[in-house]
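Numbering (our numbering), first residue to last: 33 to 344.
Below, the structure written as structure tokens:
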């Protein structure tokens, strides 16, 4: 089976996120290749080649992505959430989509729309800010901790502040079942800046042992199902007295760098089982709780040294 992986930050050389992009891309290209796939990926001109797969020169991300879709059996796009609806729609016109359905990606990209779905399904999530006390300010359309502030006077979208540990649950979802993989600690840097405190993601500890792990798993899976997600989904949660869903990422996230290393199964294999069950078997054939064989902790500042081993 021929598979195309297109990671936006790497293919476009978007410097703020390029190291995270390369790490996610190389993890998935390696995983898919180990499963017997013929893998290609979009690469910027004159870029070094990964140890796995075949790089296809890219000068215009969307144009080149659509062009390559004509020659593969399945594809996975990793890009800013507000681009995924269009990209995943393209994929489904030509081949099997290894990511979320376009409509699901569109809802997840809109924090207001996501809030409505979560509330309708009785999934704990912060309320819109009512004007009293501290709040979390973040763009309605945005990825992860991009432009997130804790403030008492938001100029944009404000949400109730809930106390606890910033964590995430990696999930893989098929049409018939869903498996939580790991509960991860998000390493967060908080810096005073202008109107409040900037919240910046800097890394992960995968997995992180916490007494509310099973509760976090249950709530994350419930959120994925409510939003119609498929493939790999990163559910951001705050774990305190309760477990709150604060964001749902309808695509692979940085945590897969660790998840694919510490689990007894590779993330790429699980995605294939979820989206192309006829290829190597369905997700339902996998235990609901996979064995974890270690812990991996990293920051984005350490990625350059990690990436050095990923190029040929």
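By construction, the Cβ of each residue, glycine as well, lies at the ideal position given by its N, Cα and C atoms.
- Annotation: residue 114 to residue 173 spans about 7 Å, alpha carbon to alpha carbon.
- Where residue 37 is concerned, the enclosing beta strand (DSSP E) starts and stops at 34 to 39.
- The beta carbons of residue 309 and residue 200 sit no closer together than 8 Å.
- In its chain, beyond the 5 residues on either side, 199, 200, 201, 202, 236, 237, 238, 239, 240, 287, 290 and 291 have a beta carbon closer than 8 Å to the beta carbon of residue 216.
- CA-to-CA, the gap between residue 329 and residue 340 works out to about 17 Å.
- Less than 8 Å divides the Cβ of residue 56 from the Cβ of residue 284.
- Taken through DSSP and simplified to helix, strand or coil, residue 104 comes out as coil.
- The region 258 to 307 is shown to contain whole beta strand (DSSP E) runs of 3 or more residues at 263 to 271 and 275 to 281, in chain order.
- One thing to note: residue 267 has its Cβ no nearer than 8 Å to the Cβ of residue 276.
- Collapsing the DSSP output to three states places residue 200 in a strand.
- Distance from the CA atom of residue 195 to the CA atom of residue 74, rounded to whole angstroms, is 40 Å.
- Rounded to the nearest angstrom, the Cβ distance from residue 278 to residue 121 is 27 Å, too far for a contact under 8 Å.
- Under the three-state reduction of DSSP output, residue 329 falls in the strand class.
- Between the region 124 to 138 and the region 99 to 114 there are three or more C-beta pairs closer than 8 Å, enough to call the two in contact.
- Assigned with DSSP and collapsed to three states, residue 79 falls in coil, not helix or strand.
- When the beta-carbon positions are compared, residue 150 and residue 131 stay at least 8 Å from each other.
- Rounded to the nearest whole angstrom, the C-alpha separation of residue 262 and residue 71 is 21 Å.
- Looking from the CA of residue 162, the closest CA among 257, 306 and 183 belongs to 183.
- Here residue 273 is exposed: its Cβ has fewer than 16 other Cβ atoms, across all protein chains shown, within 10 Å.
- Taken through DSSP and simplified to helix, strand or coil, residue 213 comes out as strand.
- In the structure shown, the three-state DSSP call for residue 91 is coil.
- Assignment of beta strand (DSSP E) within the region 106 to 173, counting only whole runs of 3 or more residues, yields 106 to 110 and 167 to 169 in chain order.
- DSSP places residue 337 in the helix class (H, G or I) of the three-state scheme.
- Ranked by Cα distance from residue 87, the options 112, 52 and 42 are led by 42.
- Taking residue 81 as reference, the option from 54, 96, 63 and 166 with the minimal CA-CA separation is 54.
- Counting along the chain, the unbroken beta strand (DSSP E) around residue 237 starts and ends at 228 to 238.
- For residue 194, no alpha helix (DSSP H) run applies, since DSSP gives it neither H nor E.
- Taking one beta carbon from each stretch, the region 314 to 330 and the region 209 to 225 have 3 or more pairs nearer than 8 Å; the two touch.
- DSSP lists 235 as the bridge partner or partners of residue 219.
- In this structure, 44 is the residue among 335, 51, 44 and 193 with its C-alpha nearest to the C-alpha of residue 93.
- In the three-state DSSP reduction, residue 181 falls in the strand class (E or B).
- Cβ contact annotation for residue 66 (same chain, cutoff 8 Å, sequence separation greater than five): 298, 300 and 301, in chain order.
- Contact between residue 251 and residue 338 does not hold, since the beta-carbon distance rounds to 31 Å and is not under 8 Å.
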